[in-house]
Each structure stands twice: as C-alpha cells, then as structure tokens.
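The listed protein sequences derive, respectively, from chains A and B. For the first sequence, my numbering begins at 3 and goes up steadily by one. For the second sequence, my numbering begins at 4 and goes up steadily by one. The block underneath contains the structure these notes are about, expressed in structure tokens.
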Amino acid sequence: DQQVKQNSPSLSVQEGRISILNCDYTNSMFDYFLWYKKYPAEGPTFLISISSIKDKNEDGRFTVFLNKSAKHLSLHIVPSQPGDSAVYFCAASVGFSGSARQLTFGSGTQLTVLP
Amino acid sequence: DSGVTQTPKHLITATGQRVTLRCSPRSGDLSVYWYQQSLDQGLQFLIQYYNGEERAKGNILERFSAQQFPDLHSELNLSSLELGDSALYFCASSETGGPTDTQYFGPGTRLTVL
Numbered sequence: 003d004q005q006v007k008q009n010s011p012s013l014s015v016q017e018g019r020i021s022i023l024n025c026d027y028t029n030s031m032f033d034y035f036l037w038y039k040k041y042p043a044e045g046p047t048f049l050i051s052i053s054s055i056k057d058k059n060e061d062g063r064f065t066v067f068l069n070k071s072a073k074h075l076s077l078h079i080v081p082s083q084p085g086d087s088a089v090y091f092c093a094a095s096v097g098f099s100g101s102a103r104q105l106t107f108g109s110g111t112q113l114t115v116l117p
Numbered sequence: 004d005s006g007v008t009q010t011p012k013h014l015i016t017a018t019g020q021r022v023t024l025r026c027s028p029r030s031g032d033l034s035v036y037w038y039q040q041s042l043d044q045g046l047q048f049l050i051q052y053y054n055g056e057e058r059a060k061g062n063i064l065e066r067f068s069a070q071q072f073p074d075l076h077s078e079l080n081l082s083s084l085e086l087g088d089s090a091l092y093f094c095a096s097s098e099t100g101g102p103t104d105t106q107y108f109g110p111g112t113r114l115t116v117l
C-alpha cells in the first residue's frame, strides 16, 4: 500500500516557465512533508519542507503548497532552470515530537527542463 | 557532497551470499538511517540508529541486520541474498535523529544479486 504517491513519473518544462510537481498521500496522520531532489549517481538532497500547520512554504524559487483536506501537496519551481533537471521525491512523516522521524517516500518524478 | 560516505559504490554477488554495506555519517551527526530503493520504487525506510542504539525500525527483513559502532559508522548486513534484494541502498545521517533534523544522504551502494 503506497501511502505517498507521485502519479507522474516524468515532466518536461521549458526553461523560464513554472514546474509543478504533485504528490498525494493517504495517511491522515502525516504531519510533516518534504521534497528531495536527486541527480544521477548521487543521494537525494533535501530541498524544502512544510509542517501540517502551514499551507505554504517558500524558499527562493521553490514553493511547497499543502492542501490537507485533499491530502495533496505540490512543489512549484519558478523560474525553472536546466540545472533543476533531476528526480524529485516527495516524503512524509508522522509524529512531530521528540521521537524518531521515519520518512515515507513517493516513487519520484523525473523533471526535465528544456533550454 | 553531503559529507556522508558509503562503500562500496557497486557490489555484485550471487544468491545465497552475504554482504556488508558500510556508511560513515557526516562529522558531528549521531543518527544514521538506512533506506532501500528498488527499481521504480521510492525509498523504503529500513532502520535508524542513534548513538549506537536502534531507534526506529521500518520494513527491514529478518535476513537483514544493522549496527552502529562507537565511532558512529554503521554497517548494513544482508544475508541469504535473493534476486529481489537487488537495489540501491542509501544511508543518511542527521544531527540528533529528531523530528526537526534534516537527513543528509550518501551516494548509495548499488547491489546486484545474480
């Protein structure tokens, strides 16, 4: 049972335009969400996160939106650059407490930004 | 470069064999996590250690075991290997292992079981 789903395996966007990557989750206990970026032959790199008490978090060109009622989050990249071409993973966790945080990942979306 | 190192980068072995994957966390990080990424799958959390002790367990098979040593490096042992164990194995580390920590990932070890 996939608790975190990224239904688009790939996305192509023109340089300078907006990239929108989507993620859906089924576990209503998730209260912390993250996006990771992965280049070939490297490990995932943390990009941006959002807790369930917010509906938007921004960091430079990257904005994450959370819609709790729809159990949906999205990552917006504006403007997109060729260097953004990578696999993007959505992840979620339960229990914003002092205990360990176990991440549940989606299967990833390959973003290609065309020059 | 995340500061997390994993060895070896590639490992090819046969069914039934046993292998050990090694991970050195970032300097100062006390917590280590292991993840498995199979073909077209997301990363599956296996296990977490904090300062030498197991802190959380995910979907780790009984044939797999891990430990974190006093110098904080960690090893993931995979035994009685099956074809389905072929995957990328990632190690990550974080400062305290708590909920606000960012996990920093190593480059992974690609295991191929023939």
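Every residue, glycine too, gets a C-beta built ideally from N, C-alpha and C.
Item: Contact check, residue 95 (chain A) vs residue 34 (chain A), beta carbons under 8 angstroms; Value: yes
Item: Contact list for residue 44 (chain B) against chain A, beta-carbon separation under 7 angstroms; Value: 109
Item: N-terminal and C-terminal residue of the beta strand (DSSP E) that residue 74 (chain A) is part of; Value: 74 to 79
Item: 6 angstroms Cβ shell around residue 82 (chain B) - same chain, five flanking residues per side excluded; Value: 21 and 66
Item: Chain B contact residues for residue 43 (chain A), given Cβ-Cβ distances below 9 angstroms; Value: 12, 110 and 111
Item: Residue 49 (chain A) - DSSP class collapsed to helix/strand/coil; Value: strand
Item: Coarse secondary structure for residue 33 (chain B), derived from DSSP in three states; Value: coil
Item: Beta-carbon neighbours of residue 167 (chain A), restricted to chain B and to distances below 9 angstroms; Value: Residue numbering for chain A in the displayed model covers 3 to 117; residue 167 (chain A) lies beyond these limits and cannot be assessed.
Item: Neighbourhood of residue 50 (chain B) by C-beta, 6 angstroms cutoff - its chain only, sequence neighbours within 5 removed; Value: 37, 60, 63 and 69
Item: Partners in chain A for residue 61 (chain B), counting only beta-carbon separations shorter than 8 angstroms; Value: 104
Item: The beta strand (DSSP E) enclosing residue 90 (chain B), as first and last residue numbers; Value: 90 to 97
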